[in-house]
Amino acid sequence: MSAAISIPGHDGRSSSPSDLRGSPSPTHSELAKSCPIPIPHGLPPSSAPASSSKNGDPESSRHVRLARKAESARAARLRHKQYVSEMHEQMMLLHARVRELERLGALTDEEGMRRALAQIKAALSPAQAAELERLG
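Be aware that the sequence shown starts at 1, since it is given in UniProt numbering, and climbs by one per residue.
Here it is as structure tokens:
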């Protein structure tokens with residue numbers, strides 16, 4: 001005896017045109033019997049998954065897969081932790097740079113901007129400095 005699954009708002013029949021005429025839709029087994037192509041019920045032993053153990057124990061191959069999955073998850077967690085650590089370090093360096101620039105007044109002070117421009121000009125190569133003078 002099989003238990004029927006009740007879905008709210010669904011009476012168990014599909015909305016195909018044949019159902020609209022009142023005839024019930026065919027069951028899966030009826031469709032399988034009428035199908036001209038045979039439907040296999042299982043895979044032959046030669047097509048067993050490559051991850052199975054030599055003795056064919058599915059429980060053993062399951063443990064191997066679970067171990068690989070756990071190791072992969074562990075490696076992913078470590079990569080993520082390293083990434084977060086690097087991002088945190090970069091954030092701290094940028095915050096320190098912002099505090100340094102605020103302390104120097106370079107963000108709001110005209111004199112600070114002049115000092116920054118002088119530092120940039122000092123870092124230019126002679127060819128770049130000549131081009132800057134020519135343009136400006």
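The C-beta atom is built at its ideal place from N, Cα and C for all residues, glycine as well. As the structure is a computational prediction, the values presented were derived from the model and not from experiment.
Check the Cα spacing between E100 and each of V64, E86, A116: the tightest is with A116. For L93, the uninterrupted alpha helix (DSSP H) run begins and ends at 58 to 104, by DSSP. Between the alpha carbons of H80 and D109 lies a distance of about 41 Å.
For L124 against L135, the beta-carbon gap comes to about 12 Å, at or over 8 Å, which does not count as contact.
Put simply, the backbone Cα of Q128 is about 9 Å away from that of K121.
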